[in-house]
Amino acid sequence: MMKRKMLIFGDAYGSLNYLLYFVHENLSNYIEINIVLFNSDNYECLLNIMNKKFWDGKVIIHNIPGYIPSDARPKVWGMLIDLFKEKKYLKRIFQQYFSNIKGFDIYFTLRKHKYYIFHFIANLSVANSIYLSDADITTNNKKQIPSSPKDAFFYIRALLLYNRFLLYKKEASSEYIQISDMYIKNYNITVIDRVSVIANIDKCFKYYLDKFKFKYKVVFFDQGIENEGELNPERKAKFISKVFQIILANYSKNQIGIKFHPTQISKKEWLLNYGELIDDYFPGEFILSSSIDTVISGYSNVLKTNPHKTSVSLLHLLNFSEERTNYLENYLKDGSCEPIYLPNSFAQFEEILINLKK
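For the sequence shown, counting from 1, position 248 maps to 248 in our numbering; every step adds exactly one.
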């Protein structure tokens, strides 16, 4: 029997374990495996390393550029023009990358966030088999209604551009789009039961984690601090300086790793005064597989997914609204592997590090 071809949409770093599992388990089962990313240079860099090191270069990786809206036009007309231009962009990208995709097994791993994927999967479902293995255990299909004209425009725009079977969702101040059960039914998508595969996914992920070793004792993840607009640049610098003054009182510079979120593009060289920068493309899970003792961040997901490590969140030291702070604190505590320290002052933060060193 002729072997089929496979295509995997690289939804996000958070579902990397699923992507690695699909590739690892199927290298000999398909005559061709493709991974499709959207405007994800760091993700592409990581997968190119994995491809060369573990998969003998057999996997074909596509990193498709995203649509860049114009902000030079008048507000209302500009948004309408960009809507039509992005629709044209989606049509062109489909013709360029997907028009010859027929008879493939196509996998994706998230019901939300990556809107382009929802558009392309709907079109690809006509001549291919589609599989979903949802990596986000917090996903729910409860319908929400946009509460403002701005939110309504965001939702209507998504319906017009990407697909009509989409749900509007909002958590704290973050809004996003999620596929509905009707979307899954309409495009004949096979949903892979997470419980049936998660043990094998975890085993496969550990196999790759064990291949990467880092030497640090403490790692600082910037998410929630360096890339948050609620702190102006001067305040950010003072805040981070105070944080590292306390860290350096307890660890030497070569024991400190500094990891930026892959989407962070601001200059980082000044942080070399405090520790060693870790390449952006490495996900937190790879770093934490090593002999690292302590993780410090604002609200990075690694705070809740690092068994046998000490996690310290600086959330209460940031200038967020009470609503956002409560939402993020609940997010961190929900499903956390270990207790998370949440100091309410720099003095408490210092005391936590001192006690951890004892």
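We put the CB at the ideal spot given by N, CA and C, even for glycine.
Note that the structure is a prediction, hence the values are computed from the model and not measured.
Check: For His62, which beta-bridge partners are listed by DSSP?
Finding: Start at 1 with the first residue of the sequence shown, and residue 62 comes out as number 62. Bridge partners of His62: Val36.
Using 9 Å as the threshold, is the C-beta distance between Phe239 and Ile256 below it? The residue labelled residue 239 in the question sits at position 239 within the sequence shown. The residue labelled residue 256 in the question sits at position 256 within the sequence shown. Contact: no.
**Prompt:** So the alpha helix (DSSP H) Leu132 belongs to, where does it begin and stop?
**Reply:** Taking the first residue of the sequence shown as position 1, residue 132 is located at position 132. From DSSP, Leu132 is part of no alpha helix (DSSP H) but of the beta strand (DSSP E) over Ser129 to Leu132.
Assign Lys169 to one of two classes, buried (16 or more other C-beta atoms within 10 Å of its C-beta) or exposed (fewer than that).
Counted from its first residue, the sequence shown places residue 169 at position 169. Answer is buried; the Cβ neighbour count reaches 16.
Practice problem: Identify, in the order they occur along the chain, each residue of the same chain with its Cβ nearer than 6 Å to the Cβ of Phe113, setting aside the five sequence neighbours on each side. | Solution: The residue you call residue 113 lines up with position 113 of the sequence shown. The sequence given here places His at residue 113; Phe does not occur at that position. Answer for His113: Tyr176, listed in chain order.
Check your understanding: What span of residues does the alpha helix (DSSP H) with Leu27 cover, start to end?
Key -> Walking along the sequence shown from the start, residue 27 turns up at place 27. From DSSP, Leu27 is part of no alpha helix (DSSP H); its letter is neither H nor E.
Compute the beta-carbon to beta-carbon distance between Lys36 and Val59, rounded to the nearest angstrom, for a pair I have assumed lies under 8 Å. Here residue 36 corresponds to residue number 36 of the sequence shown, with the count starting at 1. Here residue 59 corresponds to residue number 59 of the sequence shown, with the count starting at 1. Residue 36 is actually Val in this sequence, not Lys. The pair is not a contact, with the Cβ atoms about 11 Å apart (cut-off 8 Å).
Next item on the list: Just tell me which of Ile292, Leu46 and Asn355 has its CA closest to the CA of Lys215.
Entry: Position 215 of the sequence shown, counted from the first residue, corresponds to residue 215. The option with the nearest alpha carbon to Lys215 is Ile292.
Sufficient close CB pairs (3 or more, under 8 Å) joining the region 11-27 to the region 141-153: no
task: Kindly indicate the opening and closing residues of the alpha helix (DSSP H) around Ser196.
output: Position 196 of the sequence shown, counted from the start, is the residue given in the question as residue 196. Segment Arg194 to Leu209, the alpha helix (DSSP H) holding Ser196.
Item to complete: Below 8 Å on the Cβ atoms is my guess for Gly284 versus Phe221; work out the distance and round it to an integer in Å.
Response: Here residue 284 refers to the residue found at position 284 of the sequence shown. Here residue 221 refers to the residue found at position 221 of the sequence shown. Contact flag correct, Cβ pair sits at about 6 Å.
Please report the distance separating the alpha-carbon of Lys357 from that of Asp181. As a working note, residue 357 is residue 357 in the sequence shown. As a working note, residue 181 is residue 181 in the sequence shown. The alpha-carbon atoms of Lys357 and Asp181 are separated by roughly 50 Å.
Query raised in the report: According to DSSP, is Glu44 helix, strand or coil?
Result: Position 44 of the sequence shown, counted from the start, is the residue given in the question as residue 44. Glu44: helix per DSSP, three-state reduction.
**Prompt:** Cα separation between Phe282 and Asp134?
**Reply:** Counted from its first residue, the sequence shown places residue 282 at position 282. Counted from its first residue, the sequence shown places residue 134 at position 134. Cα-Cα distance, rounded: 22 Å.
Item to check | Continuous alpha helix (DSSP H) assignments of at least 4 residues falling wholly in the region 238-322 | outcome: 284-287
> Per DSSP, what kind of secondary structure is Asp181 in: helix, strand or coil?
Replying inline: Numbered from its first residue, the sequence shown carries residue 181 at position 181. Three-state DSSP puts Asp181 in a helix.
Specify, as a first and last residue, the run of the beta strand (DSSP E) that Lys143 falls within. Taking the sequence shown and counting its residues from 1, one reaches residue 143 at position 143. Counting along the chain, Lys143 falls outside any beta strand (DSSP E), and DSSP gives it neither H nor E.
Query raised in the report: So, helix, strand or coil for Glu175, using DSSP?
Result: Working through the sequence shown from its first residue, we reach residue 175 at position 175. It is a strand residue.
Check this for me: beta carbons of Asp105 and Lys5, under 9 Å apart or not?
By 1-based counting over the sequence shown, the position of residue 105 is 105. By 1-based counting over the sequence shown, the position of residue 5 is 5. For Asp105 and Lys5, yes; Cβs fall inside 9 Å.
Requested in this report: Rounded to whole angstroms, what's the CA-CA distance from Phe38 to Ala347? Just pull it up for me.
Outcome: As a first step, residue 38 must be located in the sequence shown, where it is residue number 38. As a first step, residue 347 must be located in the sequence shown, where it is residue number 347. Near 43 Å, if we compare the C-alpha coordinates of Ala347 and Phe38.
Can you give me the C-alpha to C-alpha distance between Leu328 and Tyr97, rounded to a whole angstrom?
Residue numbering aside, residue 328 sits at position 328 when the sequence shown is read from its first letter. Residue numbering aside, residue 97 sits at position 97 when the sequence shown is read from its first letter. Cα to Cα, the separation comes out at about 38 Å.
#### Entry: Leu342 burial status per 10 Å Cβ neighbour count (16 or more: buried)
Residue numbering aside, residue 342 sits at position 342 when the sequence shown is read from its first letter. It is buried - the Cβ of Leu342 has at least 16 other Cβ atoms within 10 Å.
Just the C-alpha distance for Tyr116 and Phe165, rounded to the nearest angstrom, thanks. Position 116 of the sequence shown, counted from the first residue, corresponds to residue 116. Position 165 of the sequence shown, counted from the first residue, corresponds to residue 165. If you take the alpha carbons of Tyr116 and Phe165, they lie about 14 Å apart.
- prompt: What's the gap between the Cα of Ala122 and the Cα of Asn163?
  reply: Reading the sequence shown from its first residue, position 122 is the one you call residue 122. Reading the sequence shown from its first residue, position 163 is the one you call residue 163. Spanning the two alpha carbons is a distance of roughly 8 Å.
Where Leu20 falls: helix, strand or coil (DSSP) = Counting from one through the sequence shown, the residue named residue 20 turns up at place 20. Residue state, collapsed to three classes: helix.
Subject >> Member of Glu323, Gly298, Arg324 and Ile354 whose CA lies at the smallest distance from the CA of Ile340 >> reply: Within the sequence shown, the letter at position 340 stands for residue 340. Closest option to Ile340, Cα to Cα, is Gly298.
*Measure the CB-CB distance between Ser125 and Asn48 and report whether it falls below 9 Å.*
By 1-based counting over the sequence shown, the position of residue 125 is 125. By 1-based counting over the sequence shown, the position of residue 48 is 48. No, the pair does not count as a contact, with Cβ atoms beyond the cut-off.
- Can you say whether Asp41 is buried or exposed, counting buried as having 16 or more other CB atoms within 10 angstroms of its CB? On the sequence shown, position 41 is the one that residue 41 refers to. Asp41 should be labelled exposed.
| By a C-beta neighbour count over all protein chains shown, 10 Å radius and 16 as the cutoff for buried, is Lys253 buried or exposed? | Stepping through the sequence shown from its first residue, residue 253 is reached at position 253. Lys253 is exposed by the Cβ-count criterion.
- prompt: Below 9 Å between beta carbons: does that hold for Val195 and Leu132?
  reply: Here residue 195 refers to the residue found at position 195 when the sequence shown is read from its first residue. Here residue 132 refers to the residue found at position 132 when the sequence shown is read from its first residue. Cβ distance not < 9 Å, so Val195 and Leu132 don't count as in contact.
Notebook entry, point to check: For the alpha helix (DSSP H) that Phe120 lies in, which residues bound it at each end?
Noted result: Taking the first residue of the sequence shown as 1, we reach residue 120 at position 120. Looking at the DSSP string, the run of the alpha helix (DSSP H) that includes Phe120 is Tyr115 to Leu124.
* Bridge-paired residues (DSSP) for Asp105 -> Position 105 of the sequence shown, counted from the first residue, corresponds to residue 105. The partner list for Asp105 (beta bridge, DSSP) reads Met6 and Ser129.
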